[in-house]
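To start, the structure under review is shown below, and the notes come after it.
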Amino acid sequence: MKRILLPAGGAILATGLLAAGLASTAASASGVVDDTALTPSTKVSETVDFWFKANGAALRAASVYRYDYKEVDKIVQKGGYTPDTKPGSTAPIGEEKKTTVKVQNVNLPKTIGKVFFEGRDGKLYWCSATSIQGAQRNLVATAGHCVYQTGANGDVLNKWIFVPGYYQGNAPWGIYVGKQAYTHYDFSNYEDYDRDYAFVTVYNGIKLGGGTAKKVTKAEFDAYQGVKDAKDEEITQAEYQKTVDLNGGETPDAWAKASDFDDLVGPDYPGAIKVLKEVSKEQFDGAPTGQKNGAQATQATVTETVTESQYKGYTGPGYRKIDAKGNFTITHYFLKYWVKRTTSVKYYRTTFFIIEGFVKDAGRLGDNVGGQGFAWNQPTGKYVRTFGYPGGEHPDGNKPYTGVTPKWCYGKTSTQRVQYPALKAEELVGLKCAVTPGYNGSPWLYKYSNAKRLGYVNGVTTAVFGDVDGNNRYDYIFSSYFDGETAAVYKAASNNWSGKLG
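In numbering that gives the first Met the number 0, the protein residues as written are 0 to 501.
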């Protein structure tokens, strides 16, 4: 059985949109362009904070953008493609140095990455995308359905950002908040999937780096939603005792640890010192809270925030956990005892910090990663190379991709138009490629130079994934045919400056 993965009800997304109270408007003389505000400048800082807070927890929480799909049992292919104008192209920008490539090792372009956003259901999702050449070096190409969501009250997707070079949760060149989205009028208003593409202008990037550590109380530390740190330092017994005296016998930021427990006493023993002994969670849960060996034992826990590398490398008895805010934490379990002063005791204080000014302007997208060229009305049946982030499963449940690293496909595009009447699609382009959802929005690069890592965007993967041979594994992806009307949408977007964050 031949089968194509399609959205339930035939169509996934469209617009007709209102964003931040602004109506979508036709923006070109040809009447084919819709432009819609994504993020006003007053909301940019809020969007940046949302994705960067708690060490990028939201980026890691996002999942493949997908819907309830239905299957059709027939692929209709008919005729060839008829360009509506002369072929054209815009040259790429970026790496210009030519090198000799003797073997077919595929060099991934710096321009590719993920777009992240919040869906109407409040959940976080991602698609694939690429930086593309524009007059202002601030342009992203992706699928139309990765920018808009349809329905009776169709709307732009919220908190939209582009992360070029995304790799295993890292944003090496920062994040770029979307400002204005450009799509074809027929996609926006009629859900025509022959036009499932979008070009998005983005503000200057924001990158983590630098920052000022500000010392705070533990209460302020616990309440803070941004980047933070905690450090332990050894102190003298006098400093420890001063903390005890200032806090009425309590030690919120200081603690003591004994090297042995040969001199256990009770809390009423003259000069007794309260110390902590770290144990496993199991020992902690099973320990008595009353008398033990003549000394009263009680319990305490200390949770510290650590770096990701410290978290992964930790082998002690503490309990590791990534908390709701995305912080890497280790919870230490202690039993409290009282010992004589003759016992060897060390004293510590935990200092808490929040990191302010931790982000900086990374500059224009195209200046940082370059931009692929753009081509339209090109002949089909030519080789293209596609790059994206598959992360979903095949129809049989097999999930070969994680979505954290980019993958690629290479082959000739179909020479016959692929038709899906339910989607009003009559001239999609097919490509044999065994990837899964998450790859949608990925660029199809024509005349890709492996040495320069640059080519021409001549398509983007739509929401349709095909199982042509009927073996319950996707083996085809599809793109709109890029023609003169696509060029009109691209040109409307490419000349608009979005500016720095503000």
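The beta carbon of each residue, even a glycine, is placed where N, CA and C say it ideally should be.
Item	Value
Contact the segment 418 to 427 vs the segment 165 to 178: 3+ CB pairs below 8 Å	no
Completely contained beta strand (DSSP E) runs for the segment 173 to 233, where each covers 3 or more residues	175 to 183, 197 to 201, 204 to 207, 211 to 215
Tyr166 - DSSP class collapsed to helix/strand/coil	strand
At least 3 beta-carbon pairs within less than 8 Å: the segment 331 to 350 vs the segment 452 to 465	no
Status (buried if at least 16 other CB within 10 Å, exposed otherwise) for Asp482	buried
Own chain, CB closer than 6 Å to Cys432, minus 5 neighbours either side, in chain order	Cys408, Ile476
C-alpha distance - Lys42 paired with Lys273, whole-angstrom precision	50 Å
C-beta neighbour in chain C for Leu444, strict 8 Å	The chain labelled as chain C is not found in the depicted structure, where only one protein chain is given.
The segment 57 to 64 / the segment 192 to 209 touching (three or more Cβ pairs under 8 Å)	no
Residue closest to Tyr480, alpha-carbon to alpha-carbon, out of Ile329, Val278, Trp375	Trp375
Reference Ile160; option with closest CA among Arg119, Leu37, Phe220, Tyr239	Leu37
Buried or exposed by the 16-neighbour rule on C-beta atoms within 10 Å, applied to Trp172	buried
Ala128: CB within 7 Å of a non-hydrogen atom of the ligand GDP	No copy of the ligand GDP occurs in the structure displayed, which carries no ligand at all.
Rounded straight-line distance, which links the Cα of Val403 to that of Lys52	20 Å
Residues bridged to Trp125 (per DSSP)	Val63, Phe115
Inter-residue CB distance, Phe351 and Ile111 (contact presumed, cutoff 8 Å)	Not a contact, Cβ separation roughly 39 Å.
Reduced DSSP secondary structure (H/G/I, E/B, other) of Ser479	coil
Residue range of the alpha helix (DSSP H) that includes Ser281	The sequence given here places Glu at residue 281; Ser does not occur at that position. 280 to 285 is the span of the alpha helix (DSSP H), which, as asked, contains Glu281.
Burial state of Glu70 (16 or more Cβ within 10 Å)	The predicted model places Glu70 with a pLDDT of 44, which falls under 50 and marks its position as unreliable; any figure quoted below should be read in that light. Exposed, by the Cβ-count rule.
Which residues DSSP lists as bridging Pro442, in chain order	Val459
Distance, Ala56 Cα to Ser279 Cα	28 Å
C-alpha distance - Asn365 paired with Leu275, whole-angstrom precision	The sequence as given places Gly at residue 365; Asn does not occur at that position. Approximately 55 Å between the Cα atoms of the pair.
In DSSP terms, what Thr89 is bridged to	Phe373
Alpha-carbon spacing of Glu219 relative to Val105, whole angstroms	49 Å
Exposed unless 16 or more other CB atoms sit within 10 angstroms - verdict on Asp120	exposed
Proximity below 8 Å, CB of Asn502 to CB of Ala142	There is simply no residue 502 to check, as the chain begins at 0 and stops at 501 in what is shown.
Length of the line joining the Cα atoms of Tyr223 and Ala253	21 Å
For Ala237, the first and last residue of its enclosing alpha helix (DSSP H)	236 to 245
Straight-line Cα distance separating Arg363 from Val243	53 Å
C-beta contact flag for Gly437 and Tyr388 at 8 Å	yes
Check whether Thr129 and Pro442 have beta carbons under 8 Å apart	yes
Distance, Asp284 Cα to Tyr175 Cα	47 Å
Span separating the alpha-carbon of Gly93 from that of Phe116	27 Å
Neighbourhood of Trp496 by C-beta distance below 6 Å, restricted to the same chain and skipping five residues each side	Gln135
N- and C-terminal bounds of the alpha helix (DSSP H) containing Val368	364 to 368
Assigned secondary structure, Ser40 (DSSP; H/G/I helix, E/B strand, else coil)	helix
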